[in-house]
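First the structure, in the form of structure tokens, and then the observations on it.
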Amino acid sequence: MSTTALPAAAGRPWRARLRFDASPVQVAAALLVLAFLLAFLLVPVGRVFLAAFTDGSGSLTLVHFGDFFRTSLFRESFLNSLYVAGMSVVVASILAVPLAIIVSRFRFPGAALVSTLGVLPLVMPPFVGAVAMQLVFGRNGSLNLLLMDWFDVRLDLMDGLNGVVFVQALHYFPFILMNLSASLSNIDTAMEEAGQNLGARGFTLMRTIVLPLALPGYLAGASLVFVKVFDDLATPLLLNVTNMLAPQAYLRVTSVGLGDPMGYVIGVILVVVSILAMGGAALLLRGRDYSMQQRGGGGLGRREMSAGQRALAWGFVVPTLLLVLAPHIGIALLSLATVWSFSPLPDGYTLAHFSTVLRETPQFLTNTLLYCGLAGLIDVVLGVTIAWLVLRTRLPGRRLLDMLAMSALAVPGLVLGIGILRSYFGVQLPDGTALATSWIMLTIVYAVRRLPYALRAATAALQQVHRSLEEAAENMGAGKVTTLTHIVIPLMAGGLAAAFVTSFATAAVELSATLVLATRDVDAPLSYGIYVFMQSPAGRGAGAALGVIAVLTVAICTFAANRLAERERRRRTRQEGTAP
Amino acid sequence: MTQRLPVTRRWTLGMAAGAAAAVSSAPARAQAALEPRLVIITSFSRDVTTPFVQAFEQRHPGTKVEVQNRSTTAAVAFVRETRSSPPDLFWASAPDAFEVMKQGNLLARPQIDTAGIPATIGAQPTHDAEGHYFGFAVSGYGMMYNTRYLRANRLPVPKEWADLKNPVYQGHVGISSPSRSGTTHLTIETILQGEGWEPGWAQLLEIAGNFAQVSDRSFGVPDAVNSGQYGIGIVIDFFGFSAKASGFPVEFVYPTVTTLVPANIAMIENSKSPNAARAFIQFLLSPAGQEVLLDPKVMRLPVRPETYAKAPAGFPNPFKDQSLGARVTFDNGVSEARYELLNSLFDRLITFRLRELTEAWKAVHAAEAALAKSNNAQGRELLAQARARLTRVPVTEAQAADPAIAGAFQPTRPDRPAGPRQAQLEEEWDRAAVAAYAEAKQLAERAQRAG
Chain A
1 MSTTALPAAA GRPWRARLRF DASPVQVAAA LLVLAFLLAF LLVPVGRVFL AAFTDGSGSL
61 TLVHFGDFFR TSLFRESFLN SLYVAGMSVV VASILAVPLA IIVSRFRFPG AALVSTLGVL
121 PLVMPPFVGA VAMQLVFGRN GSLNLLLMDW FDVRLDLMDG LNGVVFVQAL HYFPFILMNL
181 SASLSNIDTA MEEAGQNLGA RGFTLMRTIV LPLALPGYLA GASLVFVKVF DDLATPLLLN
241 VTNMLAPQAY LRVTSVGLGD PMGYVIGVIL VVVSILAMGG AALLLRGRDY SMQQRGGGGL
301 GRREMSAGQR ALAWGFVVPT LLLVLAPHIG IALLSLATVW SFSPLPDGYT LAHFSTVLRE
361 TPQFLTNTLL YCGLAGLIDV VLGVTIAWLV LRTRLPGRRL LDMLAMSALA VPGLVLGIGI
421 LRSYFGVQLP DGTALATSWI MLTIVYAVRR LPYALRAATA ALQQVHRSLE EAAENMGAGK
481 VTTLTHIVIP LMAGGLAAAF VTSFATAAVE LSATLVLATR DVDAPLSYGI YVFMQSPAGR
541 GAGAALGVIA VLTVAICTFA ANRLAERERR RRTRQEGTAP
Chain B
1 MTQRLPVTRR WTLGMAAGAA AAVSSAPARA QAALEPRLVI ITSFSRDVTT PFVQAFEQRH
61 PGTKVEVQNR STTAAVAFVR ETRSSPPDLF WASAPDAFEV MKQGNLLARP QIDTAGIPAT
121 IGAQPTHDAE GHYFGFAVSG YGMMYNTRYL RANRLPVPKE WADLKNPVYQ GHVGISSPSR
181 SGTTHLTIET ILQGEGWEPG WAQLLEIAGN FAQVSDRSFG VPDAVNSGQY GIGIVIDFFG
241 FSAKASGFPV EFVYPTVTTL VPANIAMIEN SKSPNAARAF IQFLLSPAGQ EVLLDPKVMR
301 LPVRPETYAK APAGFPNPFK DQSLGARVTF DNGVSEARYE LLNSLFDRLI TFRLRELTEA
361 WKAVHAAEAA LAKSNNAQGR ELLAQARARL TRVPVTEAQA ADPAIAGAFQ PTRPDRPAGP
421 RQAQLEEEWD RAAVAAYAEA KQLAERAQRA G
């Protein structure tokens, strides 16, 4: 095992430094976290890279990459994936930028509506949304049937690549909306006033002050959308679009087999493009100073809207809301429909699909609760440990640990799934099943993939606990661990709960890795269940019913997370209010 | 269950020595005791598997059945890669996939009592002659169509494959890719065997000109027809029957060029629950198991003639209707030799180039409509050339059967990476297809201008 070799390898730099500033507990914690990340992130991804760069006899080669770029289908898939990801950013921006400007620049009575808009798509897994949108916006979906009846026109919104773009943009635009409005409202009014004092008005003010200051938020959101869409497997698969990279890798690995090098080559390309996109966004911002002297000066000055502006704003917000709600309505109708065929609305309604899924396969829901609950717990524990090591100790290499955990963001679920299969397929559990396809591995994969969310939340929560509280405890004679468990963690509780719920909710609708790893019905989670139930000649009602259950689960969790975060914020402001 | 379940010699081979010794020393007990866990890998949807699993578990309360859903091709790859601890049963439609697995020594030979089941149905043997796999239902291939859709678009009901060449169906037909769906593979192979290689491809490529979509899952097709995304789907019969039984406004027709092939079940070599696996196969073939086939969500043709007495009115009966599937005698040997090649060829010519292909056909149809009025000799000549480009397959039948070429398309395995030959051939076909479709489109546009 690679873990036994670790202390020796990591040992050298410590002894080289004579003054070693870490307790054994810290070292042990760091090593445990490192072992976990090595075993379930670095090694699997490393195996994918290795497989892509070696030939049959094990020597290094670039021939598979040559094959990849010589094959026109793969070249086309690569370009298609770039196109879909890029266009999704564009379309998502068209939706998100006006909304962000409306809420952060103007006093708009519908601001609450816009913030609802920002959450609604996120509770709908894109692959569930895709099915519903096919029914609403498809070739012969409700919208087109009505349009053909009334005006004899048809909108090809869901055809091929553009269908994928449409679904993805509608799902991911909140990332841009949230990041952009956060950075817009962080802009100090003083900045704007300074600009105005110097004579800048209107467009000049926007171009020279507001846009540059909002750029980091926009780029953070946009790069996230790009990466998510580029890596997504389930949405194109459910829309029957196969000439994109992720579906090609999935098809190669499941039909040709694990020995096929092309699956790995595509895996490497997915990872590299993800890193480039995220790194590129960071690079664009480098060398520019966006920090402001004061923070939280109340945001940009909000103006009153003129009647025309208000009409324009409503005219944008309401159709967007309808667009965003369409998949929700579609999936709800499908889950209640008896037969929905070539008509704007179903023929009749029934609760039979819900009773079918709850009677026949309650395990999908309980499995999801179990796996994602465990994954959330693992994430909170790992997140707190890493955050504590980074912020509160002087352990050498602690930043590396943080970076390693965050790098999971750039690893597509599909690639991690393939890597896990390749690394652990031979390892058998006592009952003879392969470790790679057991529920334990699924839980671990969820934990690894969602660790970055929990880690950022834990870091933020820990940063807000003032050092002096810990020092007070230590002065009273408490050891580091006692301080951590008695002082720090209770103070972080709210933030950690939010971290747990975020990890849980996003893991509950993970499908890329699940599709590769889950093999057995009894062990499978909700997302896999939805996928399996959708494959039926006798209608997709049962799949839709499971989809509704998943959406509700995620919605409840998201709501709970928001409430927890909100309560935490109020508690903190109250504390700050009483103690100056 | 009253059937005897003899312990075969073979199953001890793959077992751990201790367990094997325990069982062979107490054969009487082993007969009665089914293992607690039975794992089935299948391409069938939950609708099909659930009624059988529930009925089986009711009869054998001690055994819990686990179902793993995979497409046929993915299931074959999965079994190959889990040789050491495979699932117990492989349950799917496509007999050619079973043949591939049998050649790969992946299937066991359990003793199964098949009394009362005819040895042949249509022109096909019901079970594998060597006892590796067993037919539990038969299926034909054909077209399912949405009656509301056809009415709304004023489309005629198709009866034969050739009807689908009609330009009125432009954008109204769907199929799944044979490389992703074992049943579509059989349909394509049946057409090629029934019509001959080159005429068969010409027909396929012309029908493909009307395709709205080539989905990568067989279920994508009935789903799209059910919901009316397109009107006609090329599918296996029970997709149509079960959708209709579930209330969707769809119908299914068998064209003359179809074949009745058995859907099969087989025990996988090294199965860890051989007794339960055998009991499941036996149950599937028993009169009680056969009746489950008539469940509205299953709707497959039973292999026991007496079960048809319980079928709903209008349900096809191959034991009475001798014309059904009689025209084509499906040759498994021919099919197996070009199995992988056919999948790849279809994808290069049709799946991955669907846009180019349909646009070229659109141009041809438009030119034909224009020329129908003006009878222009030059236009007709150009049009004939365009059609020739669009209906030509870049591989001859002899090449497709040639081990030197078809052999390059064996499935890749961990110990044997894909040969460069396959990539090279695929690239050649892809280029040939793109060039031919572009030329055809130009020719057709010139023809239209001439007319």
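Protein chains in written order, with full-length UniProt numbering: chain A, 1 to 580; chain B, 1 to 451. Every residue, glycine too, gets a C-beta built ideally from N, C-alpha and C.
Burial state of residue i, where buried means 16 or more other Cβ atoms lie within 10 Å
| i | result |
| --- | --- |
| lysine 310 of chain B | exposed |
| glutamate 381 of chain B | exposed |
| alanine 312 of chain B | Residue identity check: residue 312 of chain B is proline in the sequence provided, not alanine. So proline 312 of chain B ends up on the exposed side. |
| threonine 396 of chain B | exposed |
| leucine 349 of chain B | buried |
| lysine 320 of chain B | exposed |
| tyrosine 371 of chain A | buried |
| threonine 514 of chain A | buried |
| histidine 486 of chain A | exposed |
| asparagine 197 of chain A | exposed |
Which of helix, strand or coil DSSP assigns to residue i
| i | result |
| --- | --- |
| alanine 220 of chain A | helix |
| threonine 350 of chain A | coil |
| glutamine 170 of chain B | coil |
| valine 411 of chain A | coil |
| arginine 570 of chain A | helix |
| serine 139 of chain B | strand |
| isoleucine 175 of chain B | strand |
| arginine 144 of chain A | In the sequence as displayed, the identity of residue 144 of chain A is asparagine instead of arginine. In this structure, asparagine 144 of chain A counts as helix in the three-state DSSP scheme. |
| alanine 108 of chain B | coil |
| threonine 73 of chain B | helix |
| proline 261 of chain A | helix |
| proline 125 of chain B | strand |
| phenylalanine 315 of chain B | coil |
| threonine 120 of chain B | strand |
| asparagine 562 of chain A | helix |
Contact under 7 Å by Cβ, residue i with residue j
| i | j | result |
| --- | --- | --- |
| valine 136 of chain A | leucine 143 of chain A | yes |
| phenylalanine 364 of chain A | alanine 545 of chain A | no |
| phenylalanine 346 of chain B | proline 178 of chain B | yes |
| alanine 436 of chain A | alanine 499 of chain A | no |
| valine 167 of chain A | methionine 87 of chain A | no |
| asparagine 162 of chain A | alanine 220 of chain A | no |
| tryptophan 91 of chain B | threonine 50 of chain B | no |
| alanine 561 of chain A | valine 501 of chain A | yes |
| alanine 129 of chain B | threonine 329 of chain B | no |
Cα-Cα separation, residue i to residue j
| i | j | result |
| --- | --- | --- |
| glycine 376 of chain A | leucine 451 of chain A | 8 Å |
| alanine 190 of chain A | histidine 466 of chain A | 29 Å |
| glycine 182 of chain B | alanine 538 of chain A | 19 Å |
| alanine 288 of chain B | lysine 272 of chain B | 26 Å |
| arginine 46 of chain B | valine 532 of chain A | 8 Å |
| leucine 294 of chain B | valine 39 of chain B | 24 Å |
| glutamate 340 of chain B | glutamine 422 of chain B | 10 Å |
| phenylalanine 78 of chain A | asparagine 243 of chain A | 8 Å |
| glycine 142 of chain B | phenylalanine 252 of chain B | 7 Å |
| serine 335 of chain A | alanine 352 of chain A | 9 Å |
| glutamate 356 of chain B | aspartate 149 of chain A | 30 Å |
| arginine 59 of chain B | valine 89 of chain A | 56 Å |
| serine 246 of chain B | glycine 541 of chain A | 11 Å |
| alanine 447 of chain B | histidine 365 of chain B | 11 Å |
Distance cut-off 6 Å: residue i Cβ against heavy atoms of the ligand GTP
| i | result |
| --- | --- |
| alanine 565 of chain A | Absent from the structure shown: the ligand GTP. Ligands present: none. |
Residues that residue i bridges to, as DSSP identifies them
| i | result |
| --- | --- |
| alanine 434 of chain A | A:Gln428 |
| proline 262 of chain B | B:Val138 |
| glycine 233 of chain B | B:Met144 and B:Gly174 |
| lysine 64 of chain B | B:Arg37 |
Report task. Identify each residue in the stretch 214 to 243 of chain A for which the Cβ-Cβ distance to at least one residue of chain D is less than 8 Å, and report them in chain order. Result -> Absent here is chain D; the protein component of the structure consists of chains A and B.
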